[in-house]
Amino acid sequence: MKSAGRKSIIFRLTLLFASASTAVLLVLGLLIGNSVEHHFEVQDMEVLTGKLELTRHALEKVHSQSDLDALPQQLDDSLVGHHGLAVIVVAPSGQTLFVTSGAEFPQVLLARSPDMTNSGPIIWKSTDHIPLRGISAMVKTGIEGAKPAVVAVATDISKHEHFMSWFRFTLWSVVILAALMTGFLGWVAVRRGLAPLHAIKLEAAAITADRLHSRLATESIPIELVDLAETLNQMLARLEDSFRRLSDFSSDIAHELRTPVSNLLTQTQVMLLRVRTIDEYQDVLASNAEELERMAKMIADMLFLAKADNNLVVPNLEAVDLRAEAEGLASFYEAVAEENSVALTVDGSATVTGDRLMLRRAIGNLLSNAFGHTPRGGYVRIQIGKNEDRMATIQVENSGETISPEHLPRLFDRFYRADPSRKRLADGVGLGLALTRSIIQAHGGSVSVRSADGVTIFELQM
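Sequence positions in the sequence shown follow full-length UniProt numbering and run 1 to 462.
The structure is reproduced here in structure tokens:
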């Protein structure tokens with residue numbers, strides 16, 4: 001079920017792409033608009049400055065009243081052909097010496113000031129709402145002793161304003177359209193870019209319990225998703241292995257429990273067919289007790305392995321003398337060794353930190369396995385020491401048949417037997433080596449086995 005407040009990756013990336021492109025287009029539009037407007041201002045200033053200099057030149061030639069009277073005509077002649085351009089000349093007394101017909105100038109532009117400079121243009125609107133841009137300056141005349149006059153020049157910028165209005169409208173329309181287009185193209189690009197993820201989803205959805213062997217194809221997906229696909233494939237491999245082990249374990253345990261349960265049921269049914277003597281009942285009960293004891297041991301071992309698989313086995317740590325434990329176990333097997341003429345020796349010593357009972361059980365399982373596969377007249381040797389990494393090692397070596405290499409990797413699996421036709425020891429349930437591996441792994445160690453030339457060596461490292 002999809003959450004209402006949760007946004008998809010496609011939506012987020014599309015929004016991010018559209019926002020980024022819109023921001024870039026907005027900045028670009030502002031820069032272009034300001035550049036065009038500045039260009040028009042520069043053009044207007046060139047015209048205004050030229051006419052101001054022309055007026056200045058005309059005033060400098062005024063040396064008498066007659067020259068002053070002829071000034072308006074000169075200025076009128078100079079403005080012929082310059083539509084939208086206006087000039088005003090104000091004498092020091094405040095009298096307007098010349099003004100273009102219909103022109104209007106703001107008072108701020110005509111204010112007389114000794115330090116008046118042409119620092120920048122002024123924009124205003126006339127009574128007819130015509131936008132104007134103008135500059136002013138104080139200009140000296142050729143009349144000796146006369147104070148400077150104020151000259152102001154203005155130009156009609158309505159065409160520029162109309163153009164800028166149209167330009168801004170067009171520019172922002174293009175920006176909005178471009179933003180929408182980039183958003184759509186971003187959506188298409190993101191959707192196509194995420195298509196391999198959708199393909200991975202479909203492939204993963206097709207993998208079921210009976211198709212755990214299937215793997216996601218990594219050849220046709222983008223390199224950025226290869227690690228994801230490989231991780232999923234590794235997960236599938238682990239699931240397949242766990243599922244296979246669980247299936248094998250279920251089958252094995254059902255097989256192992258079926259035989260003793262069947263024996264118990266058969267014996268009980270036979271005994272109930274007719275009245276038996278007390279001795280007969282006792283024999284059957286003793287036999288049933290042996291089977292029940294074997295089943296109880298199997299169940300206990302299974303529970304231990306289940307805990308080990310879920311990292312629930314917590315060793316009770318203490319200093320453990322491995323030689324003392326090995327010798328204690330060897331004394332227990334002395335009778336079996338003498339009965340079968342098997343030479344049993346213990347060499348070396350080492351001390352580790354671990355659970356004494358658990359480690360004793362692990363070594364005992366290896367000894368039980370060794371005696372179960374050592375022929376009459378053979379030997380079993382326990383070698384204790386340390387390797388080059390300063391880890392304690394225990395090697396249980398026995399003579400006998402060489403184990404084929406294909407069986408070695410699976411010897412520590414539950415209920416696995418390299419030779420199914422071989423009879424186990426009476427108390428064996430096929431979990432000894434699996435228990436040994438779990439115990440050593442709980443201590444942070446490892447187990448290994450090698451077999452060649454009639455000699456098999458199990459090694460524990462911790």
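Glycine included, every Cβ here is placed at the ideal spot set by N, Cα and C.
Integer-rounded CB distance, given that residue j should sit under 8 Å from residue i
i    : j    : result
V342 : V380 : 6 Å
R92  : P148 : A quick correction: the sequence has Pro, not Arg, at residue 92. With a Cβ gap of about 7 Å, P92 and P148 count as contacting.
D69  : K61  : That belief does not hold up - the Cβ atoms of D69 and K61 are roughly 13 Å apart, past 8 Å.
G84  : T155 : 6 Å
L236 : P196 : Not a contact, Cβ separation roughly 18 Å.
L110 : A137 : Not confirmed; about 11 Å, so no contact.
L194 : I10  : 6 Å
Q267 : N288 : 6 Å
L344 : A335 : The pair is not a contact, with the Cβ atoms about 11 Å apart (cut-off 8 Å).
R437 : V449 : In fact, because the Cβ distance is near 10 Å, the residues do not count as touching under 8 Å.
9 Å Cβ cutoff met for residue i and residue j
i    : j    : result
L75  : F98  : yes
V313 : I221 : no
V90  : L59  : no
N263 : E291 : yes
A178 : L25  : yes
I143 : S64  : yes
F458 : E397 : yes
V320 : R361 : no
L239 : L212 : yes
A392 : Q441 : no
A23  : G186 : no
V455 : S404 : no
A86  : G134 : yes
L48  : P121 : yes
F332 : L435 : no
T277 : L322 : no
Y281 : M295 : no
A228 : I200 : In the sequence under discussion, the amino acid at residue 228 is Leu, which differs from the Ala named in the question. Yes, Cβ-Cβ distance for L228 and I200 is below 9 Å.
I253 : F415 : yes
Cβ neighbours of residue i in the same chain (closer than 7 Å, five flanking residues each side left out)
i    : result
G432 : N365, S368 and N369
N162 : Inspection of the sequence shows that residue 162 is occupied by His rather than by Asn. So the list is empty, once near-sequence residues are dropped.
H443 : P315, G354 and M462
S451 : T402, I403 and L408
D453 : T402
G445 : L460, Q461 and M462
T127 : E104
Spatial neighbours of residue i in its chain, beta-carbon cut-off 8 Å, leaving aside the 5 residues before and after
i    : result
M164 : G33, V36, E37 and F40
T14  : G183, G186, W187 and V190
E230 : T218
R376 : N340, S341 and V342
F167 : G33 and V36
S21  : A178, A179, T182, G183 and G186
T374 : N340, V342, V380, N398, S399 and G400
L317 : T353, G354 and D355
P72  : L97 and F98
Same chain only: Cβ atoms within 6 Å of residue i, ignoring 5 sequence neighbours per side
i    : result
R215 : N233
V346 : A326, E327, A330 and I382
G348 : Q383, I384 and G385
R56  : V139
K125 : P131
A426 : For A426, the pLDDT reaches just 39, beneath the cut-off of 50, and the residue's location in the model is therefore unreliable, although a value from the coordinates is still provided. Cβ within range, chain order: n/a, list empty.
V27  : none
Query raised in the report: How do the stretch 400-415 and the stretch 355-368 stand: do at least 3 beta-carbon pairs fall below 8 Å, yes or no?
Result: Pairwise C-beta distances place the stretch 400-415 out of contact with the stretch 355-368, as fewer than three of them are shorter than 8 Å.
Requested in this report: May I ask you to verify whether the stretch 164-178 touches the stretch 137-148, counting CB pairs closer than 8 Å and requiring at least 3?
Outcome: no
Query - Residue ranges of each alpha helix (DSSP H) within the UniProt domain "HAMP" (191-244), 4 or longer - result: DSSP runs (the alpha helix (DSSP H)) wholly in the UniProt domain "HAMP" (191-244): 195-205.
Requested in this report: Examine the Cβ distances between the stretch 198-212 and the stretch 41-51 and report whether three or more of them are shorter than 8 Å.
Outcome: no
Requested in this report: Give, in chain order, every unbroken run of the alpha helix (DSSP H) that is at least 4 residues long and sits entirely within the stretch 66-138.
Outcome: 107-110
Report task. Output the residue ranges of the alpha helix (DSSP H) runs that lie fully inside the stretch 278-328 and measure 4 residues or longer, sorted by chain position. Result -> Listed in chain order, the complete alpha helix (DSSP H) runs (minimum 4 residues) inside the stretch 278-328 are 278-309.
Requested in this report: Go through the stretch 369-425 residue by residue and report every complete run of the beta strand (DSSP E) that reaches 3 residues or more, in order.
Outcome: 379-386 and 392-399
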